[in-house]
Amino acid sequence: MVKRLRTRATLRYLARRLLAGLIDLGVLAGLQLGIVRAATALFPPTHPGHYFSSEGLILFGLCAPLAWFTYAVLPLARRGQTLGKELMGLRVVNREGRPPTLLQAFLRESAGRWLNAMVLNLGLLLVLWDQDHQALHDMVAETFVVFQRMDRAGI
């Protein structure tokens with residue numbers, strides 16, 4: 150589907166993809182921290198030595214997946230980009246070159262990431278030698294990460 154990138158473009162692609170992932174990780178960590186702060190402020194722990202009350206855990210359990218879905222899945226399905234990918238000039242596409250479907254985005258960010266975690270995130274290293282630079286989560290959802298403006302990248 151995607152032509153193999155030239156050496157300099159490959160290094161630029163890998164660096165941008167890594168930075169995009171770190172930006173997204175930071176944003177999601179910040180969202181989770183905000184949810185934890187809100188849950189503990191609304192429902193303070195009732196027992197000494199506990200970090201959460203039962204209500205706070207329920208609130209976190211409901212809000213954290215919603216925040217993940219809103220930040221990671223919906224933007225990918227809508228325009229093929231999260232904030233990190235947008236800042237780095239990357240986008241996720243399916244085989245037709247369009248943003249992934251909602252199902253593909255959900256599979257990529259849930260089952261694909263879960264499988265990747267099961268192999269100690271070594272699935273990310275597949276980007277280095279896969280012909281289409283797909284990581285494990287990309288392979289699961291049949292998606293590709295490409296430069297936003299393909300003509301600039303020499304693809």
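Quick note on the numbering used here: the sequence shown kicks off at 150 and runs consecutively.
We treat Cβ as the ideally placed atom computed from N, Cα and C, and that holds for glycine.
All of these numbers come straight from a predicted model, not from anything done at the bench.
For the alpha helix (DSSP H) that contains residue 161, what are its first and last residues?
Counted as a single uninterrupted DSSP element, the alpha helix (DSSP H) harbouring residue 161 occupies residues 156 to 191.
Any chance the stretch 200 to 216 sits against the stretch 178 to 190, with 3 or more Cβ pairs inside 8 Å?
yes
By how many angstroms is the C-alpha of residue 258 removed from the C-alpha of residue 305?
Within the shown structure, residues of the chain are numbered from 150 to 304, placing residue 305 beyond reach of any answer.
Going by DSSP, name the residue or residues bridged to residue 262.
Looking at the DSSP assignment, residue 262 forms no beta bridge with any residue, so it has no partner.
Name the residue from 294, 226 and 176 whose alpha carbon lies nearest to the alpha carbon of residue 281.
294
Considering only C-alpha positions, which residue in the set 198, 193 and 220 is nearest to residue 207?
Comparing C-alpha distances from residue 207 to each of 198, 193 and 220 shows the shortest one belongs to 193.
May I ask which residues mark the beginning and end of the alpha helix (DSSP H) holding residue 268?
That residue, residue 268, is in no alpha helix (DSSP H); it is neither H nor E in DSSP.
Could you check the C-alpha separation between residue 231 and residue 167 for me, to the nearest Å?
13 Å
Where does the unbroken beta strand (DSSP E) through residue 227 begin, and where does it stop?
Looking at the DSSP string, residue 227 is not in any beta strand (DSSP E); the run it does join, the alpha helix (DSSP H), is 223 to 228.
Do residue 242 and residue 261 have their C-beta atoms within less than 7 Å of each other?
No, the Cβ-Cβ distance between residue 242 and residue 261 is not below 7 Å.
Can you find the residues in the same chain that come closer than 7 Å, C-beta to C-beta, to residue 228, ignoring five residues on each side of it along the sequence?
The residues are 248.
Let me check one thing: in DSSP terms, what residues is residue 239 bridge-paired to?
296
Keeping to the same chain, check which residues put their C-beta closer than 6 Å to that of residue 250; ignore five residues upstream and five downstream.
none
Below 8 Å CB to CB, which residues in the same chain sit around residue 300 once its five sequence neighbours on both sides are set aside?
At residue 300 the pLDDT is 41, less than 50, meaning the model places this residue with poor confidence; the figure from the coordinates comes in the next sentence. Same-chain partners within the cutoff: there are none.
Can you give the Cα-Cα distance for residue 292 and residue 202, rounded to whole angstroms?
40 Å
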